[in-house]
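Have a look at the structure below, then the notes.
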Amino acid sequence: MLEFLNRFIEQLQKPVLAFLIAGMLISAFNSKFRIPEAIYQFAVFMLLMKIGLKGGIAIREANIFEIFLPALFCVLIGIGIVLLGAVTLAKLPGIKKDDAFATCGLFGAVSGSTLAVAMLTMEEKDIFFEGWVPALYPFMDIPALITAIILANIYLAKQKYSKKADVSIADIIKDCLKGGALTTLLIGVALGIFTKPESVYENFFDPLFSGFLSILMLTLGIEAYKRLAELKKVAGWYVAYAFSAPLVHGLIGFGLGYIAHWLVELSPGGVIMMAVIAASNSDISGPPTIRAGIPSANPSAYIGTSTGIGTIVVIALYLPVFFALGEVIFDL
Amino acid sequence: MLEFLNRFIEQLQKPVLAFLIAGMLISAFNSKFRIPEAIYQFAVFMLLMKIGLKGGIAIREANIFEIFLPALFCVLIGIGIVLLGAVTLAKLPGIKKDDAFATCGLFGAVSGSTLAVAMLTMEEKDIFFEGWVPALYPFMDIPALITAIILANIYLAKQKYSKKADVSIADIIKDCLKGGALTTLLIGVALGIFTKPESVYENFFDPLFSGFLSILMLTLGIEAYKRLAELKKVAGWYVAYAFSAPLVHGLIGFGLGYIAHWLVELSPGGVIMMAVIAASNSDISGPPTIRAGIPSANPSAYIGTSTGIGTIVVIALYLPVFFALGEVIFDL
Amino acid sequence: MLEFLNRFIEQLQKPVLAFLIAGMLISAFNSKFRIPEAIYQFAVFMLLMKIGLKGGIAIREANIFEIFLPALFCVLIGIGIVLLGAVTLAKLPGIKKDDAFATCGLFGAVSGSTLAVAMLTMEEKDIFFEGWVPALYPFMDIPALITAIILANIYLAKQKYSKKADVSIADIIKDCLKGGALTTLLIGVALGIFTKPESVYENFFDPLFSGFLSILMLTLGIEAYKRLAELKKVAGWYVAYAFSAPLVHGLIGFGLGYIAHWLVELSPGGVIMMAVIAASNSDISGPPTIRAGIPSANPSAYIGTSTGIGTIVVIALYLPVFFALGEVIFDL
Amino acid sequence: MKFYKIKKLTVITEAAILDNVLELATELGADSYTIDRVSGKGEKGVRFGMDSDISGMLTNVRIEIITHEELAKKIAVEVEANFFQNYAGIVYLQDVEVIQARKFNIKE
Amino acid sequence: MKFYKIKKLTVITEAAILDNVLELATELGADSYTIDRVSGKGEKGVRFGMDSDISGMLTNVRIEIITHEELAKKIAVEVEANFFQNYAGIVYLQDVEVIQARKFNIKE
Amino acid sequence: MKFYKIKKLTVITEAAILDNVLELATELGADSYTIDRVSGKGEKGVRFGMDSDISGMLTNVRIEIITHEELAKKIAVEVEANFFQNYAGIVYLQDVEVIQARKFNIKE
Ligand SMILES: Nc1ncnc2c1ncn2[C@@H]1O[C@H](COP(=O)(O)O)[C@@H](O)[C@H]1O
Ligand SMILES: Nc1ncnc2c1ncn2[C@@H]1O[C@H](COP(=O)(O)O)[C@@H](O)[C@H]1O
Ligand SMILES: Nc1ncnc2c1ncn2[C@@H]1O[C@H](COP(=O)(O)O)[C@@H](O)[C@H]1O
Ligand code: NA
Ligand code: NA
Ligand code: NA
């Protein structure tokens, strides 16, 4: 337990987290400092490209069977998180059902930047993980968003006076894949599988990774603080959800990852990564899909909960927890 | 011949080409992914600066005489390509003369990104080339654009009811040099000749080169696909031209390069580079000059032909051809 | 003396200066070349972050006492420069008092890019300096701006018909710190002190430093040339001030630095850096503060004098002087 | 040269629904338009545009369509009815005078 | 559907005083607006906006406020009086027609 | 305070000819203007502005000039005649009310 605490504190001193906090302070003190839009879009591109390329290169050398089970688990977790939210958050007093479904959708979906922080931490700590695990991201992201949109539309269809929006699963999937984030990831994966991008990966995407991650953390911090303010307008239950849900989701991810460890020899690093994917919540790619799919839901509620609290909480609190857990359990 | 084919196929697997194709797919699948404008402008800057600096440093150490002949050949090729187009493409049925001249102008002009791909390939294959050869770029680019604009204006002046635009060669040259691309290249050359930029070259422009080239390839791919659509509105002859002309131009470049090899000992790498300069067609800097110089020409025709097909065809098909040719002829 | 001249000339050949001159030429020849806004903002961020991080890391290991005296000197120099200007420039015939105060404020304030050039030069020449010296920047910057604004407002309050603006020192300080430049520097310092950013510093901010500095120099050159034109509209005394004041200020900085060398063992590199901080004039962060604090002053006068001439003169002329002086005095 | 009176319709709304608004306008018969990105503040809060808006959810677009009064009004009404329940947005009309009669389908 | 006549006020001025102008407008009673960055040229010289303006001193902003004539005129007059002695800027009014009566406080 | 009626001329055209249009307007007597970059669609196709337009050929600019009716109309006619045969573009006029009489050369 002391061991666990030590590792936890050590994690808190990482510069990545410090950049996140710095971003929040910048915003709190109302500074005019901003990372130009083109630069953080580029930072997002660099991170997702690195995740994708590394994933693709790893898939090229992996056998499909070992990937299949974790991928399936991701789909199940994505759907499960939203259903879990539907019977908890959505049932709470004063919570609009469509707002709740939208929020759960984002928490089932995945944050590329959170994965990037986890990857950097693994690389620094020299913990091996299968490069393709972070690239499983869409397998959890898309099912979660679809489930949320379907639940919301079933609910709204039952309401009086509401026009039934026609929800086509194919359309939602297309919409997700066409978004900038997933497109970048998929390009990376495809290039990793079908070409030999090792040299550009090693000379460009990999060495610049930690720098651009810091820059994205600054931006996320600024954004998070701004979104916090909006949360005040909505029910306090969202705050409770943002703090508790990621831990539950992460533990589910850890548990299923552990099963994969036994069944298909998923590495300890891979198990921790499963926990992180499950715990993380979408901050960049998810919101527009939800906005389009559940237009009646209040963005202040779901973006405030997800970008304003969820991302920060996962990176600052639960990432250290899952690493500490993995290190203790697997004796790393 | 088998040797030739092998080298050709190997070339096709390079990641640079893969990024180009990825860009086209992104556009084909209508993804919202975009490289921010500031970033690809910066990518262009990085490539041209590297070409310029390397050229300038090489010129500093070269003797003027060995440069003179290849430079002269470049001028001749630039003018020759447009004249060749004037007696082929421009004579075809259903082809507007001013559209044809505009198109040939772009194919006589040069693409910095194509040169960058060739340079990267040489560096990867460890083929020596005189650093100043790619910096000869303006010696082909400007004469080609001038010839095209003059031909078009002579033609238009003969038409009834058309006001004679006054075409000043000095103005066109000024216009070319004032464009962002040639300015960047010339700054690079000047810095290379007159200062000692080796450290910033080695620590910044050179190591980031391949990364930014990939990014530019993505953008070129996206752009090319969009421009393809516009081509449908114009005559099929443009497609034929885009496929055949670069090969012819490249072989002319190779031939004259070969003469320079005998006369002034231009290296094998330099000969291949001459072929690439001649084969390449302008995608970034040429179109605005043509738009201003031949306003009546239809941009869909010349940009579609050049950016939509020409660039892709040269990078994907003919670059491997010229490399294979060089390797076989010079026994590299 | 010959020694001094030799070192001076050597300095003139540095590529950083060449980029500055290239920028001016680009603008002089009216080229359309531009560094995208997002990129130079990012370049500024990279430089100030490097200065800040290096400063923070150094402060972490320094003892407060050795920092205290140089910091105090910085405050004194900042105030002193403005007072000096008030009894010289402001008394000259044909000079509007508020324009003069505004100009002196900028010359008392500090230019991050000039510091960056000095740092790069030190690193190239292997001259040691305490990493926290450049981070003293705000200690001279803020007092200078405050003094200028107060003097101007006292003067304007005495004028007939003028509404007394209420000048709150706290507000000016807040305004300075909230600006993008100082915020970046302070984040860097804080991260350097409280976290362990060594790895991201060494893998990202440090290696990209010289490249982004070149890019900023290009931009500064373009900007300077444009601002020169505006100067023609104002009195010639501004030009005289821009040429002479930085030398005087730098020598004051050198002198006080030398005292710190004896009293608290400030290194020779640190002494040179004190001279550079004092000599440099604000080009990015100062102008908006002055515009807000002395709205009646004519921006053409103070920006023309500072960005148009001052920065160029300091980097091209006086930086070599201070380095040569330091090298001769300290026998480096 | 003659100047013809015609209308300019402006829609300011969330960038997220740009494509949907354009689709609706096109269906109703408008095939030309001008677009730019803007920031703003309204009932639905501050929408600060390009300024660190990582998910792009706070960006506004301004769509301008020059067309005949009848069509302009029809698009205005339909856009309002279809989108502004759930999305931030305003719509307004202005008088403009044009000379390119053919381009704006004006019978000379 | 009914269209209501109302005014649009436009202020084009230095980005440096954007916050101050908005503060003044808010104090006078306008709480909604649309903003974008523009370049321009006027009495106070060329203000080229985003194009290599390292200290951000040459950027213009355009602020548009749709509101009742009385308030629009009051803001116009106050902005002119408070800022345009020292800062570059123009201000103008235009007629617009809106349908969202509630949003613009129009009594139906 | 008095508000004076005057005209605003807007030109939307290809960025490539921005300088030429401004030159023409200046020659005709307009020395102040406001510019921004916009995207759009018209007869000459989709012009998507900043969005991956590597040769900068698809960017539009919007030029606004506030001036007297006569000059506004003259510029409109000349711009149309000189450029819109070959280049994409529209031009239109609007009524505006200003207070800065001196700035817009209005006799009070
Ligand atoms: N009165 C107004 N004047 C100018 N722009 C407005 C006004 N009201 C709303 N807007 C713009 O329309 C957007 C959406 O408005 P809203 O739906 O009220 O949040 C805002 O972000 C502003 O850009
Ligand atoms: N007549 C005009 N038409 C259009 N925009 C103008 C006009 N006069 C001034 N502006 C804009 O207002 C800004 C400030 O004008 P000024 O105070 O005259 O320098 C300029 O940079 C232009 O963007
Ligand atoms: N009816 C219209 N309403 C608004 N903008 C238009 C209209 N027609 C053309 N435009 C703008 O003017 C540009 C050039 O138009 P065009 O010459 O028709 O291609 C387009 O890209 C649009 O930005
Ligand atoms: Na998740
Ligand atoms: Na060529
Ligand atoms: Na100073």
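Residue numbers (our numbering), protein chains in the order written: chain A, 11 to 342; chain B, 11 to 342; chain C, 11 to 342; chain D, 747 to 854; chain E, 747 to 854; chain F, 747 to 854.
By construction, the Cβ of each residue, glycine as well, lies at the ideal position given by its N, Cα and C atoms.
Three-state secondary structure assigned by DSSP to residue i
| i | result |
| --- | --- |
| VAL837 (chain E) | strand |
| ILE781 (chain E) | strand |
| ASN16 (chain B) | helix |
| LYS753 (chain D) | strand |
| ILE45 (chain A) | coil |
| VAL143 (chain C) | coil |
| THR759 (chain E) | strand |
| LYS24 (chain A) | coil |
| ARG237 (chain C) | helix |
| VAL85 (chain C) | helix |
| LEU116 (chain B) | helix |
| ARG848 (chain E) | coil |
| LYS174 (chain B) | Low local confidence applies: a pLDDT of 49 at LYS174 (chain B) is under 50, so the model's placement there is unreliable, and no value is given. |
| ILE159 (chain A) | helix |
| ASN213 (chain C) | helix |
| ASN2 (chain C) | Given that chain C is displayed from residue 11 to residue 342, the structure contains no residue 2 (chain C) and the question cannot be resolved. |
Within chain E, partners of residue i - CB distance below 8 angstroms
| i | result |
| --- | --- |
| ASP782 (chain D) | ASP782 |
| ASP841 (chain F) | GLN840, ASP841 |
Beta-carbon neighbours of residue i, restricted to chain E and to distances below 9 angstroms
| i | result |
| --- | --- |
| GLU233 (chain C) | SER798, ASP799, ILE800, SER801 |
| SER778 (chain F) | GLY786, LYS787, GLY788, GLU789, ILE836 |
8 angstroms Cβ cut-off: residues of chain B touching residue i
| i | result |
| --- | --- |
| PHE138 (chain A) | By Cβ distance, chain B contributes nothing, its closest Cβ being about 25 angstroms from PHE138 (chain A), past 8 angstroms. |
Check: residue i C-beta below 6 angstroms from any heavy atom of ligand 8
| i | result |
| --- | --- |
| ALA234 (chain A) | With respect to ligand 8, the structure shown offers nothing to examine, as its ligands consist of ligand 1, ligand 2, ligand 3, ligand 4, ligand 5 and ligand 6. |
Presumed contact (8 angstroms Cβ cut-off) between residue i and residue j, rounded CB distance
| i | j | result |
| --- | --- | --- |
| LEU30 (chain A) | GLY231 (chain A) | 5 angstroms |
| LEU161 (chain B) | VAL92 (chain B) | 7 angstroms |
Chain A residues whose Cβ lies nearer than 7 angstroms to that of residue i
| i | result |
| --- | --- |
| PRO330 (chain B) | Residues of chain A passing the Cβ test: none, with the nearest at roughly 15 angstroms. |
Interface residues of chain B facing residue i [CB-CB closer than 9 angstroms]
| i | result |
| --- | --- |
| GLU47 (chain C) | ALA48 |
Per-residue contacts from residue i into chain A (C-beta, under 8 angstroms)
| i | result |
| --- | --- |
| ASN828 (chain D) | What ASN828 (chain D) touches in chain A: nothing, since even the nearest Cβ is about 10 angstroms away. |
| LEU226 (chain B) | Going along chain A, no residue has its Cβ under 8 angstroms from LEU226 (chain B), so there is no contact; the nearest lies around 12 angstroms. |
Under 9 angstroms by beta carbon: chain D residues contacting residue i
| i | result |
| --- | --- |
| TYR838 (chain E) | Simply none; closest approach about 13 angstroms. |
Contact list for residue i against chain C, beta-carbon separation under 7 angstroms
| i | result |
| --- | --- |
| ASN40 (chain B) | Ordered by position in chain C, no residue passes the 7 angstroms Cβ test against ASN40 (chain B), which lies about 26 angstroms from the chain. |
| ASN832 (chain E) | PRO305, SER306 |
Amino acids of chain C, ordered along the chain, whose beta-carbon sits closer than 8 angstroms to that of residue i
| i | result |
| --- | --- |
| ALA32 (chain A) | ILE197, ALA200, LEU201 |
| ALA762 (chain E) | PRO298, ARG301, ALA302 |
Under 7 angstroms by beta carbon: chain D residues contacting residue i
| i | result |
| --- | --- |
| LYS748 (chain F) | Neighbours of LYS748 (chain F) on chain D: none; closest Cβ ~22 angstroms, over 7 angstroms. |
Partner residues on chain F for residue i, Cβ-Cβ distance less than 8 angstroms
| i | result |
| --- | --- |
| ARG70 (chain B) | Correct list: empty, because the minimum Cβ distance to chain F is about 31 angstroms. |
Contact the region 258–274 of chain B vs the region 237–245 of chain B: 3+ CB pairs below 8 angstroms = Judged by Cβ distances under 8 angstroms, the region 258–274 of chain B makes no contact with the region 237–245 of chain B, as fewer than three pairs qualify.
Quick one: any contact between the region 65–80 of chain A and the region 224–231 of chain A, if contact means 3 or more CB pairs under 8 angstroms?
-> Put simply, the region 65–80 of chain A does not touch the region 224–231 of chain A. Fewer than three CB pairs are less than 8 angstroms apart.
Spell out a yes or no on whether the region 839–848 of chain D and the region 826–840 of chain F are touching, meaning 3 or more CB-CB pairs, one atom from each, closer than 8 angstroms.
-> Counting Cβ pairs under 8 angstroms, three or more are found: they touch.
State whether the region 47–60 of chain A contacts the region 249–256 of chain A, with contact taken as three or more CB pairs (one from each stretch) at a distance under 8 angstroms.
-> By the Cβ criterion, the region 47–60 of chain A is not in contact with the region 249–256 of chain A, since fewer than three pairs of Cβ atoms, one from each stretch, lie closer than 8 angstroms.
How do the region 288–295 of chain A and the region 321–337 of chain A stand: do at least 3 beta-carbon pairs fall below 8 angstroms, yes or no?
-> Below 8 angstroms, enough C-beta pairs join the region 288–295 of chain A and the region 321–337 of chain A to call them touching: three or more.
Are the region 804–816 of chain F and the region 752–764 of chain F touching by the rule of at least three beta carbon pairs closer than 8 angstroms?
-> They touch, by the three-pair rule.
Count the CB pairs spanning the region 785–795 of chain E and the region 773–780 of chain F that are closer than 8 angstroms, and state whether there are at least three.
-> Yes, since at least three Cβ pairs between the region 785–795 of chain E and the region 773–780 of chain F fall closer than 8 angstroms, the two stretches touch.
Validate contact between the region 111–123 of chain B and the region 303–320 of chain B using beta carbons, cut 8 angstroms, 3 pairs | The answer is yes - the region 303–320 of chain B touches the region 111–123 of chain B, with three or more Cβ pairs under 8 angstroms.
Please confirm if the region 141–148 of chain A is in contact with the region 74–84 of chain A, defined as three or more CB-CB distances below 8 angstroms between the two stretches.
-> Under the Cβ criterion (8 angstroms, minimum of three pairs), the region 141–148 of chain A counts as touching the region 74–84 of chain A.
Between the region 200–218 of chain C and the region 278–286 of chain C, are three or more C-beta pairs nearer than 8 angstroms?
-> Under the 8 angstroms Cβ criterion, the region 200–218 of chain C does not count as touching the region 278–286 of chain C, having fewer than three qualifying pairs.
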